[in-house]
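Participant:
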Amino acid sequence: MPIPGGELGSKLAGAPPFQGNIRARYEVSWSTYHAFAQIGVVHQGRSLATTFSLSNDLQGQSTVYDLPAFTTYDAALGVGQSAWLAQLYAENLTDTRAQLYANYTQLYKAITVNRPRTIGLRFSYTFDGK
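Okay, structure coming up:
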């Protein structure tokens, strides 16, 4: 008799065998200004969306969806002085469509993906209360 949550010792849903990130940041100061350049990489190995093995879609296919591995890249440049900081950033530079989750609860395969490429400008100011 099959076990709905998977056999003992089988892979867990949402638990890839490898997941990691790395960032490199270079900072420099000149006069009263501070600047930085930063890059980052995030990688996640393939994983399962669920381990409930007793469910099938309308075509009889298993709804234990295999989510493929993905890698995304980010970058940022910034400059600031004492209380303010301006930053140009880019997230998901390669516009990777990573599948984060999938389910079949509404009688169709619904996939949740990560955010698309995002490029923006941030400005922050710290008030010191004086």
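Under this note's numbering, the first residue of the sequence shown is numbered 1, with each subsequent residue one higher. Quick reminder that beta carbons are idealized off the backbone N, C-alpha and C, glycines included.
Ignoring anything shorter than 3 residues, give me the beta strand (DSSP E) runs that lie fully in the region 34 to 108, in order along the chain.
Facilitator: Qualifying beta strand (DSSP E) stretches, in chain order: 70 to 81, 84 to 91 and 99 to 103.
Participant: On the premise that Q44 lies in contact with A69, defined as a C-beta separation below 8 Å, what is that separation, rounded to the nearest angstrom?
Facilitator: The residue you call residue 69 lines up with position 69 of the sequence shown. The residue you call residue 44 lines up with position 44 of the sequence shown. At roughly 6 Å, the Cβ-Cβ gap stays under 8 Å, so A69 and Q44 are in contact.
Participant: Between which two residues does the beta strand (DSSP E) holding T32 run?
Facilitator: Against the sequence shown, residue 32 aligns to sequence position 32. Premise fails: T32 is in no beta strand (DSSP E) and is neither H nor E.
Participant: Considering only DSSP beta bridges, list what F123 is partnered with.
Facilitator: By one-based count along the sequence shown, residue 123 stands at place 123. Looking at the DSSP assignment, F123 forms a beta bridge with A86.
Participant: Answer yes or no: do V134 and L100 have a C-beta to C-beta separation smaller than 8 Å?
Facilitator: The question about residue 134 has no answer here: the residues shown for the chain are numbered 1 through 130.
Participant: Would you decide whether L67 is buried or exposed? Buried here means 16 or more other CB atoms lie within 10 Å of its CB.
Facilitator: Sequence index remark: in the sequence shown, residue 67 carries index 67 (1-based). So L67 counts as buried.
Participant: Between which two residues does the beta strand (DSSP E) harbouring A110 extend?
Facilitator: Counting from one through the sequence shown, the residue named residue 110 turns up at place 110. Segment A110 to V113, the beta strand (DSSP E) holding A110.
Participant: Should N92 go down as buried or exposed, given a rule of 16 or more other Cβ atoms within 10 Å for buried?
Facilitator: Along the sequence shown, one-based indexing puts residue 92 at 92. N92 comes out buried.
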